[in-house]
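K.L.:
Sharing a structure here in structure tokens format.
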Amino acid sequence: MKHRTTAGLAAVALASIALTGCASGDNSAEGASDANVCEVEPAAETSPAPSPSPEDVKAVEGIEVTGPVGEAPKVSFKTPLEVSSPSSRVVDEGSGDELAEGAQATINYVVLGGKDAKQTYSTWETKKPETFTLGDPQYDLLNDRLIGQKVGTRIAMASTAMDQTVQVTVVEVAEVNQIPTRAEGTAVEPEAGLPAVELADDGQPTVTIPADYQAPSELVVQPLIEGDGPKVTKEQTVTVQYAGCLLDGTSFDSSWSRGTPTSFPLNGVIPGWTNGIAGQKVGSQVLLVVPADQAYGDQENGAIPANSTLVFVVDILEAKAA
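Taking mature numbering (1 follows the signal peptide of the UniProt record, and there is no 0), I'd label the letters of the sequence shown as residues -25 to -1, 1 to 297.
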């Protein structure tokens, strides 16, 4: 189980996202025995985080945080500060809306080195607070500590970063926003011959790709559900549910498998996503068939072979300024 620092969370590898499209409703493919079926893997169970030792608890209790909520805090502690596992305490209890799993939390935070207490990063200074979905496994360091708290909560925590140095982070929740978990709107009849999509009761897609389906030379953008929200622009950050497949039915990536929607800047992913999602309405579901030249070209990327056409089903849940 990965335990990221908040600073590490800001560096999620968004550019690796590849999404596969699925059609909604009962647009099931005929002759399924001659088709490739792409099913999303179920969400994996995660192991509980190790419990902090009494020494870890004492170390975090020694972190002093002063200053009014809403402003950059002053943080001090005895150096060097060391912990054997992620440890935290609530410095200030919030009084705003409750933080529930599946909601989007916007946080400000400051990071200091445990060895010398020198500040290494602050969203207050960059004026770029970070937004994520509560429950997203990539933020496992924060989920249990924030879910059930309220807006305005301030926590102090110490953890080991990816370079094995101890970091002290003070996090403050600035805002929470409840968003849908799936696309809701008017069903759109897709063009004949495209990969077909069936939706489970919770909205999770299964994609059926005809065995004789020919990879397109140009990007295919097929709305399956039309939402009633504003149109997405390339400069925005979007929150989506998605499933990605290869033409042989292999599932290579899915937010459904991680249990929560995913947010990323639309200008920071593959061109097929940037070009396919921009111009669509929030609340829509879109099937994308992305040629290799708008995906990863002749480069292998994880489970995606070189020169692969990618299929995505994308539920656009929210779009906001990056």
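Note that CB positions come from ideal geometry on N, CA and C, so glycine has one too.
Would you check if the region 140 to 156 and the region 67 to 75 touch, i.e. whether three or more CB-CB distances between them fall below 8 Å?
P.N.:
As far as the Cβ criterion goes, the region 67 to 75 touches the region 140 to 156, which means the pair count is three or higher.
K.L.:
Along the chain, where does the beta strand (DSSP E) containing Thr81 start, and where does it finish?
P.N.:
For the purposes of this step, residue 81 is taken as the residue at position 106 of the sequence shown. Here the beta strand (DSSP E) through Thr81 covers Gln79 to Gly88.
K.L.:
Go ahead and label Ser283 buried or exposed: buried means 16 or more other beta carbons lie within 10 angstroms of its beta carbon, across all protein chains shown.
P.N.:
Here the question's residue 283 lines up with position 308 in the sequence shown. The residue is buried, with at least 16 neighbouring Cβ atoms inside 10 Å.
K.L.:
Which residue or residues does DSSP assign as beta-bridge partners of Thr144?
P.N.:
To locate residue 144, count along the sequence shown from 1; it is residue 169. Paired residue(s): Val86 and Met132.
K.L.:
When the distance is taken between beta carbons, is Ile291 closer than 9 Å to Gln255?
P.N.:
What you label residue 255 is simply residue 280 of the sequence shown in a count that begins at 1. What you label residue 291 is simply residue 316 of the sequence shown in a count that begins at 1. Yes, Cβ-Cβ distance for Gln255 and Ile291 is below 9 Å.
K.L.:
Take the Cβ of Asp9 as the centre, count every other Cβ of all protein chains shown within 10 Å, and call the residue buried at 16 or more, exposed below.
P.N.:
Translated into positions along the sequence shown, residue 9 becomes position 34. With fewer than 16 other Cβ atoms within 10 Å, it is exposed.
K.L.:
Which term fits Thr140, buried or exposed, when burial requires 16 or more other beta carbons within 10 angstroms of its beta carbon?
P.N.:
Position 165 of the sequence shown holds residue 140. Result: exposed.
K.L.:
Could you give the distance in angstroms between the alpha-carbon of Gln113 and the alpha-carbon of Thr41?
P.N.:
Taking the sequence shown and counting its residues from 1, the one referred to as residue 113 is at position 138. Taking the sequence shown and counting its residues from 1, the one referred to as residue 41 is at position 66. Distance between the alpha carbons of Gln113 and Thr41 is about 29 Å.
K.L.:
Using DSSP with H/G/I as helix, E/B as strand and the rest coil, what is Pro280?
P.N.:
Walking along the sequence shown from the start, residue 280 turns up at place 305. In the structure shown, Pro280 sits in coil (DSSP, three-state: anything other than H, G, I, E or B).
K.L.:
Between the beta-carbon of Thr129 and the beta-carbon of Val143, is there less than 9 Å?
P.N.:
To locate residue 129, count along the sequence shown from 1; it is residue 154. To locate residue 143, count along the sequence shown from 1; it is residue 168. Per the sequence presented here, residue 129 reads as Arg, with Thr not at that position. No.
K.L.:
Just mark Gln274 as buried or exposed, buried being the case when its beta carbon has 16 or more other beta carbons within 10 Å.
P.N.:
Here residue 274 corresponds to residue number 299 of the sequence shown, with the count starting at 1. The residue is exposed, with fewer than 16 neighbouring Cβ atoms inside 10 Å.
K.L.:
In whole angstroms, what is the alpha-carbon distance linking residue 309 and Val32?
P.N.:
Examination of residue 309 is not possible in this model, given that the chain is present from -25 through 297 alone.
K.L.:
Give the DSSP bridge partners of Thr98, in chain order.
P.N.:
Mapped onto the sequence shown, residue 98 falls at position 123. The partner list for Thr98 (beta bridge, DSSP) is empty, contrary to what the question assumes.
K.L.:
With a cut-off of 8 Å, do at least 3 Cβ pairs link the region 232 to 243 to the region 194 to 203?
P.N.:
Judged by Cβ distances under 8 Å, the region 232 to 243 makes no contact with the region 194 to 203, as fewer than three pairs qualify.
K.L.:
Can you say whether Ser226 is buried or exposed, counting buried as having 16 or more other CB atoms within 10 angstroms of its CB?
P.N.:
If you number the sequence shown from 1, residue 226 lands on position 251. The residue in question, Ser226, is buried, as its Cβ has 16 or more Cβ neighbours within 10 Å.
K.L.:
Helix, strand or coil for Ile252? Go by DSSP, reduced to three states.
P.N.:
Within the sequence shown, residue 252 is the residue found at index 277, counting from 1. Helix, per DSSP.
K.L.:
Going by beta-carbon coordinates alone, are Lys295 and Ala253 separated by less than 9 Å?
P.N.:
Position 320 of the sequence shown, counted from the first residue, corresponds to residue 295. Position 278 of the sequence shown, counted from the first residue, corresponds to residue 253. Cβ distance not < 9 Å, so Lys295 and Ala253 don't count as in contact.
K.L.:
Looking at Val264 and Ala158, is the spacing between their C-beta atoms short of 9 Å?
P.N.:
Here residue 158 corresponds to residue number 183 of the sequence shown, with the count starting at 1. Here residue 264 corresponds to residue number 289 of the sequence shown, with the count starting at 1. No; because the gap between Cβ atoms is not below 9 Å, this pair is not in contact.
K.L.:
So, under 8 Å CB-CB, Val163 and Ala218 are touching, yes? Tell me the CB distance rounded to an integer number of Å.
P.N.:
As a working mapping, residue 163 is identified with position 188 in the sequence shown. As a working mapping, residue 218 is identified with position 243 in the sequence shown. The pair is not a contact, with the Cβ atoms about 18 Å apart (cut-off 8 Å).
K.L.:
Going by other Cβ atoms of all chains shown within 10 Å of its Cβ, with 16 needed for buried, is Ala171 buried or exposed?
P.N.:
In the sequence shown, the residue the question calls residue 171 occupies position 196. The residue is buried, with at least 16 neighbouring Cβ atoms inside 10 Å.
K.L.:
Looking only at C-alpha atoms, which of Val261, Lys53, Pro266 and Val257 sits nearest to Gly204?
P.N.:
Position 229 of the sequence shown, counting from 1, holds the residue named residue 204. Checking every option, the nearest Cα to that of Gly204 belongs to Val257.
K.L.:
Rank Pro17, Tyr84, Phe107 and Ala133 by C-alpha distance to the C-alpha of Tyr96 and give the top, closest one.
P.N.:
Translated into the one-based positions of the sequence shown, residue 96 becomes position 121. For Tyr96, the nearest C-alpha among the options comes from Tyr84.
K.L.:
Measure the CB-CB distance between Glu39 and Ser51 and report whether it falls below 9 Å.
P.N.:
For the purposes of this step, residue 39 is taken as residue 64 along the sequence shown, with counting starting at 1. For the purposes of this step, residue 51 is taken as residue 76 along the sequence shown, with counting starting at 1. Yes, Cβ-Cβ distance for Glu39 and Ser51 is below 9 Å.
K.L.:
Would you check if the distance between the CB atom of Cys13 and the CB atom of Val261 is smaller than 9 Å?
P.N.:
Residue 13 sits at position 38 when you count from the first residue of the sequence shown. Residue 261 sits at position 286 when you count from the first residue of the sequence shown. No, these two residues do not count as a Cβ contact at 9 Å.
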